[in-house]
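The sequence shown runs 362 to 503 under my numbering.
Only one structure is covered here, and it is reproduced in the block below.
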Amino acid sequence: MLFAFIAGAVGFLVFHQGGFWALTQAGVLKANTWSMATTRPLGVPAVISYVFWTGLWGVVAALVVPRLPGALRGPWGWILFAAIVPTLVNWFIVLPLKGAPMGGGFNMPGVALAPLVYGFWGLGMWLVMQLLQQTTSSGARA
């Protein structure tokens, strides 16, 4: 499960935040990537909070995806898991708990692009898991 946590966290830093950064640079949307602004209640930088939570999502994905049928056990399972489950949890639980409207108000283009970037994060988690598992199976220890 350590590898899954690392995969979720590294996938977030590189693929999730990289995806939102690229869309911001392209002028498609405006996202605060790799934010060092503090979050409540602990006052830690947002990026550190997200690394922790996305690491936990990596563990959940590692428990769920291998139990999916057929081709969904591979990269497509990771992509679809990340595009659907954390996105819905964010929209319908996390944002309202933070006092924001559900789905951030479901404004375009964010409502369409968020699941795409989350899916990109899922691909990143799968890639990092593959790398970590290959490193371990070739004799190196994590």
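Every residue, glycine too, gets a C-beta built ideally from N, C-alpha and C.
By the 10 Å Cβ neighbour count, where 16 or more other Cβ atoms means buried, how is residue i classified, buried or exposed?
i    : result
T497 : exposed
I367 : buried
G460 : exposed
W439 : buried
T399 : exposed
Closest to residue i by CA distance: which of the options is it?
i    : options                : result
W382 : P427, I409, F481, V489 : F481
F373 : W437, S410, A398       : S410
L403 : F413, W395, T394       : F413
W487 : P436, N451, I454, Q494 : P436
M362 : G419, T400, T399, P406 : G419
Provide the residue span of the alpha helix (DSSP H) that contains residue i, from first to last.
i    : result
P427 : Per DSSP, P427 belongs to no alpha helix (DSSP H) and is neither H nor E.
G438 : 436 to 450
F467 : Premise fails: F467 is in no alpha helix (DSSP H) and is neither H nor E.
How is residue i classed by DSSP in three states: helix, strand or coil?
i    : result
T496 : helix
P476 : helix
T399 : strand
P457 : helix
Flag this pair as touching only if the stretch 369 to 379 and the stretch 478 to 492 have three or more C-beta atom pairs under 8 Å; answer yes or no. Put simply, the stretch 369 to 379 touches the stretch 478 to 492. At least three CB pairs are less than 8 Å apart.
Three Cβ pairs or more, each shorter than 8 Å: is that satisfied between the stretch 389 to 397 and the stretch 439 to 456? Cβ pair count under 8 Å is below three, so no.
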